[in-house]
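S.K.: In this note's numbering, the protein residues as written are 1 to 800.
Heads up, the beta-carbon is just placed ideally off N, CA and C, and yes, glycines get one too.
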Amino acid sequence: MGKKKIKIGDKAPTFKLDSFNSGIIDLAELIGKQKIFLIFSRYFGCPGSQFDLKKLLNRYPEIEEEGGKILFITQSGEKIANEFIEREKIEFPVIPSSKDELYKEYGLEMASDETWAELQKNKKEIAKLGIKHLEYEGWEEQEPGQFLIDTDGSIAYKKKGWLDINSYIETLMFSVAIKAHKDYIENEIESPTEIIAAQIQLGFLYQALGILTGKIGTLEQARESFLVVVKESNKKGFHFHSAAAYEYLANVENRLGNYMISSKYYEEARETYKKSLQNIELNTLKEKITDKIEYLYAWNLIEKAKSYHIKEEYLQAKEYYTEACVILRNLPNYNYEASYYYAWSFLEEAENLSKEEKYDKAIKNYENTKDLFKNSIMAIRSFRKNKKYSNREVIKKLEEVAKSRMNYCSARIKLEEARVLGKQGEHSAAAEKFATATTQFREVCIVFKKNRKHKELKILYYLCRAWENIELAKTHDDPDRFAKAAQLFTKVKKIFSENKMKLLASGNSAFCQALKLSTIFDKEINTKNKTELYSKIQSMLRIAASSYRKGGFEGGADWTLATSTYFDATWYLIRADKEMSLEKKNDFLKRGSEIFKSTAELFGEAGYRNKEKEIIEKLNMVKKGEKIIISALNTIQEPSLFRSALGIVTPLCPIEISQPTRISEVLQFKKKAIRVKRKRRFKASGEKIRKSLKRVKSKFKKNIQYKEEIKPLKPRKAKKSTEKTLLEAEISEEQRLIMKKMESEIDFQERKFTCIVHKGVIHSAVYICPNCNTFYCLKCVSALKKIGENCWYCNFEFDI
């Protein structure tokens with residue numbers, strides 16, 4: 001078994017192993033029969049593992065109900081494992097494995113800092129349950145993890161770290177709901193309106209599953225569902241359905257990181273709503289749709305801003321955010337978003353100043369941005385208190401993200417301060433600031449990890465740790481600290497997806513190795529050892545320069561090569577100092593002087609005038625025969641690129657999305673438009689009747705004495721529309737009778753109901769929306785609340 005990096009969609013590595021309580025387990029045989037939940041624990045004595053086991057056992061019946069099978073992997077030995085199996089009455093298979101077997105095969109190695117931070121966070125809850133650390137077993141640094149294996153043998157869900165049982169059960173539940181919806185669309189409905197509505201629901205389910213699992217393929221299936229809605233709605237002339245589907249597509253593309261495509265879909269939604277205005281006369285409905293058009297224009301600009309943000313074109317992003325805020329401020333239903341994205345416009349400016357290495361100005365801007373995010377939290381809270389608005393759960397999540405943004409700004413302030421101190425040579429103070437920033441970035445990273453958008457923060461976290469180690473290495477002349485920094489730059493290289501940034505991290509890692517060797521070089525007395533170290537240092541500097549050059553960082557490459565030449569000159573001075581022969585001594589000094597001169601020219605050509613001046617001063621001292629204190633570490637100084645913010649982009653959060661039009665709103669718009677059409681038609685027919693009666697009356701007056709007034713006939717009442725609403729289509733006559741009985745206070749807990757999400761799946765305990773009487777099973781309500789959804793039909797906020 002070899003080390004693998006398992007990705008969602010990959011085929012799960014199979015195994016055939018003996019378990020402690022269920023005989024031989026052959027994964028290949030189990031695949032295809034049901035979904036398999038593979039849980040990698042650490043060992044039974046670990047408090048975190050015990051805490052996870054308790055959560056798992058509490059929810060085990062639900063997993064069985066949803067058709068899942070658990071395989072539990074542990075590093076515990078037979079004696080301890082059997083004690084726990086017997087004591088906790090564990091029914092699922094418990095399989096032993098070492099860190100070099102299944103754990104390695106599934107890519108689980110050393111536990112990350114986020115895993116330990118999460119354990120610290122759960123410490124109080126663990127203590128409340130009376131869980132204590134028992135006997136140590138296995139590898140203490142082991143990372144736990146979970147994998148959901150689909151019936152086709154592919155990985156449908158994965159998570160490194162402690163158990164997240166809710167996400168797993170919700171993943172199973174949404175998978176069942178998707179299958180039920182597809183069967184429902186294919187076999188049970190014929191009405192075009194119902195098909196479109198069901199297709200929208202299917203898109204929502206794919207989107208929810210994609211958010212939970214982080215599986216791109218599932219989000220792409222959501223996209224396909226909404227594209228079908230657009231196609232069918234355009235055929236039938238259902239402008240409201242089509243516009244709403246474009247909004248949903250924009251949100252899916254946002255999740256996929258395709259911000260410019262998302263922007264285009266918002267534009268499509270705007271144009272489609274504009275078409276619908278041509279057939280609407282009711283002023284209140286016109287106002288609503290006009291507001292929606294303006295809102296979508298604001299989001300068209302925000303998505304463009306995001307696109308420029310990830311390209312590190314911060315000032316262009318700032319312009320789009322500012323323009324969007326002007327629009328949002330004038331929309332009462334959405335103006336809380338204006339204060340949030342106004343803070344974002346300031347954050348873009350701060351990022352740009354940091355990139356340009358204007359540290360003092362960047363610090364002031366980050367402080368202003370932090371205050372603006374604080375103000376946005378107050379605006380969000382005020383808006384959330386208003387019972388008129390139903391999306392309070394989504395708004396609450398935006399408030400949490402705003403708090404994280406404040407913490408991010410605090411961390412960036414510490415980072416910029418550390419860079420200033422490092423530049424001033426105050427290495428110890430700089431190291432402290434970097435350490436504080438590291439801690440803050442780790443906390444923010446945990447929040448963003450839940451939304452699967454923490455990659456950029458991990459980069460910042462590792463860079464801060466690397467820079468902290470460099471400052472401490474310089475303070476204490478510690479080569480091990482430089483080595484640690486080199487390892488951290490290598491980790492950063494693995495996280496970066498762009499080749500250019502990988503090469504920058506690789507160059508920084510090689511430069512750190514050169515600094516490590518320089519520290520050892522300065523302490524070494526033996527000339528032979530020094531000569532070997534000199535060759536190694538030059539080799540590392542050449543590797544660093546090559547990486548910078550390949551990445552397009554010409555300034556960093558020129559600096560590194562000039563530094564290499566500078567070190568050559570220093571090496572000749574060191575040899576001259578050790579040489580006893582006067583002739584050889586003068587020869588070394590002469591060579592050193594010549595190299596000093598060429599080094600000064602190299603730095604000058606590269607634009608580093610201060611460095612050129614420093615070397616010329618040393619050259620003059622050599623010519624005068626003055627004593628120079630020579631140090632390899634002082635000679636080999638890292639380029640400014642070494643602490644650059646290049647490639648460090650503030651992560652965007654999936655919660656920062658627009659409020660899409662709900663199905664209920666689509667139906668409401670359509671209903672009102674139909675009502676106005678009918679009113680106009682009946683008004684016209686009434687006018688015709690009155691004109692006809694006038695003509696009849698005139699004839700009577702001419703021919704006979706006509707005294708009795710003829711009353712105009714009233715226009716016939718409109719027939720009720722035969723087209724079923726979405727709600728009527730979904731609720732059968734039998735369910736309607738059940739609801740009537742429920743109103744008569746009959747005990748309905750004994751009856752069985754069909755959940756609207758699961759379609760054909762029957763449940764005995766349900767939640768019934770108080771606003772529209774739609775049935776949901778309790779698990780669906782919990783899952784939908786978690787991703788910020790309200791009632792699918794009336795947008796009522798779930799109140800449990």
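Counting pairs of Cβ atoms below 8 Å between the region 116-128 and the region 58-76, do you hit three or more?
M.R.: Segments in contact, no.
S.K.: Report, in whole angstroms, the separation of the C-beta atoms of Arg42 and Gly138, which I expect to be a contact under 8 Å.
M.R.: Indeed they touch by this definition, with Cβ atoms about 6 Å apart.
S.K.: Using only the alpha-carbon positions, how far apart do Pro96 and Asn166 sit?
M.R.: Computed Cα separation, rounded: 25 Å.
S.K.: Go through its chain and collect everything with a Cβ distance to Ile363's Cβ below 6 Å, but skip five positions before and after it.
M.R.: Cβ within range, chain order: Ile413 and Glu416.
S.K.: Measure the C-alpha to C-alpha separation of Ser640 and Thr490 and round it to an integer number of angstroms.
M.R.: Cα-Cα distance, rounded: 19 Å.
S.K.: If you drop the 5 nearest sequence neighbours on each side, which residues of the same chain put their C-beta closer than 6 Å to that of Ile543?
M.R.: Hits under 6 Å: Ala510.
S.K.: Ala324 to Lys132, Cα distance in whole Å?
M.R.: About 53 Å.
S.K.: Residue range of the alpha helix (DSSP H) that Pro479 falls in?
M.R.: From DSSP, the alpha helix (DSSP H) with Pro479 extends over Pro479 to Ile495.
S.K.: Out of Tyr366, Glu400, Glu351 and Arg392, state which residue places its alpha-carbon closest to the alpha-carbon of Ile377.
M.R.: Ranking Tyr366, Glu400, Glu351 and Arg392 by Cα distance to Ile377 puts Glu400 first.
S.K.: Would you identify the three-state DSSP class for Asp10, choosing helix, strand or coil?
M.R.: Coil at Asp10, not helix or strand.
S.K.: Short check: CB of Leu296 to CB of Ala269, under 8 Å?
M.R.: In contact: Leu296 and Ala269 (Cβ atoms closer than 8 Å).
S.K.: Less than 8 Å between the C-beta atoms of Ala418 and Ala437, yes or no?
M.R.: It is a contact, given that the beta carbons lie within the stated cut-off.
S.K.: Mapping DSSP to helix, strand and coil, what is Val394?
M.R.: Val394 falls in the helix class under three-state DSSP.
S.K.: Could you tell me if Glu468 is buried or exposed, where buried requires 16 or more neighbouring beta carbons within 10 angstroms of its beta carbon?
M.R.: Classification of Glu468: buried, given that the 10 Å Cβ count is 16 or more.
S.K.: Let me confirm a value: Ala350 is counted as buried when at least 16 other C-beta atoms fall within 10 Å, else exposed. Which label applies?
M.R.: Buried, because 16 or more other Cβ atoms sit within 10 Å of the Cβ of Ala350.
S.K.: Would you say Leu619 and Phe596 are within 8 Å of each other, going by their C-beta atoms?
M.R.: Cβ distance < 8 Å, so Leu619 and Phe596 count as in contact.
S.K.: Can the beta-carbon of Ala156 be found closer than 8 Å to that of Ile8?
M.R.: A contact, by the Cβ cut-off of 8 Å.
S.K.: Quick check: what's the CA-CA separation for Tyr246 versus Glu170?
M.R.: Cα-Cα distance, rounded: 26 Å.
S.K.: Given this structure, state the Cα-to-Cα distance separating Ala411 from Glu135, to the nearest angstrom.
M.R.: About 38 Å.
S.K.: In angstroms, rounded to a whole number, what distance separates the CA positions of Gly161 and Gly237?
M.R.: For Gly161 and Gly237, the distance between alpha carbons rounds to 49 Å.
S.K.: Hey, quick one: how far does the beta strand (DSSP E) through Leu108 stretch, first residue to last?
M.R.: Note, Leu108: premise wrong, no beta strand (DSSP E); not H, not E.
S.K.: Gly422 and Arg643: beta carbons closer than 8 Å?
M.R.: Yes, Cβ-Cβ distance for Gly422 and Arg643 is below 8 Å.
S.K.: In this structure, does DSSP put Ile24 in helix, strand or coil?
M.R.: Strand at Ile24.
S.K.: Indicate whether Leu457 and Cys445 have their beta-carbon atoms separated by less than 8 Å.
M.R.: For Leu457 and Cys445, yes; Cβs fall inside 8 Å.
S.K.: Distance check for Leu38 and Ala783, CA to CA, integer angstroms please.
M.R.: Each residue's alpha carbon lies about 21 Å from the other.
S.K.: For a test of the three-state rule: what should DSSP assign to Tyr60, helix, strand or coil?
M.R.: Tyr60: helix per DSSP, three-state reduction.
S.K.: Which partner residues of Gln146 appear in the DSSP bridge assignment?
M.R.: Gln146 is bridged to Ile39 and Lys159.
S.K.: Can you give, in chain order, each stretch of the alpha helix (DSSP H) that sits fully within the region 239-299 and has at least 4 residues?
M.R.: Here the runs fully enclosed are 239-256 and 259-277.
S.K.: Cα-Cα, which of Asn375, Phe567, Ile615 and Ser581 is closest to Ser631?
M.R.: Of the candidates Asn375, Phe567, Ile615 and Ser581, the one whose C-alpha sits nearest the C-alpha of Ser631 is Phe567.
S.K.: Do Ile211 and Arg255 have their C-beta atoms within less than 8 Å of each other?
M.R.: In this structure, Arg255 lies closer than 8 Å to Ile211 by Cβ.
S.K.: Kindly indicate the opening and closing residues of the alpha helix (DSSP H) around Thr527.
M.R.: Note, Thr527: alpha helix (DSSP H), Thr527 to Lys550.
S.K.: Measuring alpha carbon to alpha carbon, tell me which residue in Lys286, Leu227, Lys304 and Glu267 is nearest Gly257.
M.R.: Among Lys286, Leu227, Lys304 and Glu267, the Cα nearest to that of Gly257 is on Lys304.
S.K.: Once DSSP output is grouped into helix, strand and coil, what is the label at Leu17?
M.R.: In this structure, Leu17 counts as strand in the three-state DSSP scheme.
S.K.: Leaving out five residues before and five after Gly67 in sequence, what residues of the same chain have Cβ atoms less than 8 Å from its Cβ?
M.R.: Excluding sequence neighbours, Gly67 sits near Gln34, Lys35, Leu172 and Val176.
S.K.: Mind checking Ile704: buried by the 16 CB within 10 Å criterion, or exposed?
M.R.: At Ile704, the pLDDT of 43 sits below 50, so the modelled position is not reliable and the matter cannot be decided from this model.
S.K.: Mark Glu728 as exposed unless 16 or more other C-beta atoms lie within 10 angstroms of its C-beta, in which case mark it buried.
M.R.: Confidence at Glu728 is low in this model, with a pLDDT of 40, below 50, so the placement of that residue is unreliable and no value is reported for it.
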